[in-house]
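The next block holds one structure in the form of structure tokens; read it before the comments.
2 protein chains.
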Amino acid sequence: MREYYSITELTREFDISTRTLRFYEDEGLLAPIRRGRTRLFRPSDRHLVKQIMRGKRLGFSISEIREIIQMYKEPPGEVGQLKLMIRRIEEKREDLRQKRRDLEETLAELDQAEESCVERLAELGVNT
Amino acid sequence: MREYYSITELTREFDISTRTLRFYEDEGLLAPIRRGRTRLFRPSDRHLVKQIMRGKRLGFSISEIREIIQMYKEPPGEVGQLKLMIRRIEEKREDLRQKRRDLEETLAELDQAEESCVERLAELGVNT
DNA sequence: GTCAGAATTGACTTTTACGTAAAGGCGATG
DNA sequence: CATCGCCTTTACGTAAAAGTCAATTCTGAC
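Protein chains in written order, with my numbering: chain A, 406 to 533; chain B, 406 to 533.
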């Protein structure tokens, strides 16, 4: 496991700009360490970037992603906070389950659409 | 099945604003008929709104949603167009499968996070 | 017919998530 | 030493997706 990644290494790996990574840092999603002014990304930072990109693909906003990332961290020490956290996690999961239903429906409709196209091609005497 | 829905009926059903529905019309996603200047939404328009909201929840942009909606329509008559359409559908499906992987991973991590919280509560002697 | 409530258009504003340009620091290499 | 390539901050710009507001116009109920 590498010790540090430079900002451009990560931009290449995840196909995003340096601006984007700095923006995520401003937004409190990342906190790479510094050598002088230069950012050094640890493997854990790189993993955070992965999670951020995953969140993006699922259509979560920056603040939603921030919330989700909070959930992955060490659980809080206080009972009230813990219970609150559990409730929030359950909400996010419900959110994701809705997305899953949406996803399956969309996939099913696309399957149907493709089938129609294939049939139409067959009618036209094209061998698929 | 109702014949027509008013704009406000749909805003209430889907919890969106009239501005949003008109915006979708401007963007070519909807084309309700008119009585005078007033929009009348048919069941098919209402169904389109459902599909749009689904797309939104999955993080698709307006133009991606427009593309997907195109795919649900009658398949084109020309062989080249049909083959192109099939390729596009396959791309969208790959996109959705990626989202599904992202989703499952996120759900798994949230499960883990919740478990940590529950354990922590147990340590603190709280009965869940 | 009139009057409140709903609907319309059009213009301007806002939020999010970056893009882009300016101006320059730091270290290696020819 | 100069010039790459990579890194930095600061600041303004922008596209997408609506929100908001104003000025009208319908229209259904009384």
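In this text, a Cβ means the ideal position worked out from N, Cα and C, and glycines have one as well. Keep in mind it's a predicted model, so treat the numbers as computed, not measured.
Apply the 10 Å Cβ neighbour rule to residue 448 of chain A and answer buried if 16 or more other Cβ atoms are within range, or exposed otherwise. Translated into the one-based positions of the first sequence, residue 448 of chain A becomes position 43. Classification for residue 448 of chain A: exposed.
Closer than 8 angstroms, CB to CB, is residue 539 of chain B near chain A or not? Since the first residue of chain B shown is 406 and the last is 533, residue 539 of chain B is not available in this structure.
Would you call residue 432 of chain B buried or exposed, if buried means 16 or more other Cβ atoms sit within 10 Å of its Cβ? What you label residue 432 of chain B is simply residue 27 of the second sequence in a count that begins at 1. Its Cβ having fewer than 16 others within 10 Å, residue 432 of chain B is exposed.
Let me check understanding here. Comparing Cα to Cα, which of B/417, B/441, B/420 and B/458 lies closest to residue 435 of chain B? As a working mapping, residue 435 of chain B is identified with position 30 in the second sequence. Out of B/417, B/441, B/420 and B/458, B/458 has the C-alpha closest to the C-alpha of residue 435 of chain B.
Sufficient close CB pairs (3 or more, under 8 angstroms) joining the stretch 506-523 of chain B to the stretch 467-477 of chain A: yes
Rounded to the nearest angstrom, how far is the Cβ of residue 494 of chain A from that of residue 519 of chain B, given a contact under 8 angstroms? The residue labelled residue 494 of chain A in the question sits at position 89 within the first sequence. The residue labelled residue 519 of chain B in the question sits at position 114 within the second sequence. Confirmed, Cβ separation roughly 5 angstroms.
Sheet register partners of residue 443 of chain B (DSSP bridge): Here residue 443 of chain B refers to the residue found at position 38 when the second sequence is read from its first residue. Answer by DSSP bridge pairing, in chain order: B/440.
Three-state secondary structure (DSSP) at residue 409 of chain B? Stepping through the second sequence from its first residue, residue 409 of chain B is reached at position 4. If DSSP states are grouped into helix, strand and coil, residue 409 of chain B belongs with coil.
For residue 442 of chain A and residue 530 of chain B, the rounded distance between their alpha carbons: Along the second sequence, one-based indexing puts residue 530 of chain B at 125. Along the first sequence, one-based indexing puts residue 442 of chain A at 37. So the alpha carbons of these two residues sit roughly 46 angstroms apart.
Could you check whether the Cβ of residue 521 of chain B sits closer than 8 angstroms to any Cβ belonging to chain A? Here residue 521 of chain B refers to the residue found at position 116 when the second sequence is read from its first residue. So yes, residue 521 of chain B belongs to the interface.
Tell me the residue span of the alpha helix (DSSP H) that contains residue 433 of chain B. Taking the first residue of the second sequence as 1, we reach residue 433 of chain B at position 28. Counting along the chain, residue 433 of chain B falls outside any alpha helix (DSSP H), and DSSP gives it neither H nor E.
Limits of the alpha helix (DSSP H) - the one that residue 488 of chain A falls within: Counted from its first residue, the first sequence places residue 488 of chain A at position 83. Taken as a continuous stretch (DSSP letters only), the alpha helix (DSSP H) holding residue 488 of chain A covers 484-528.
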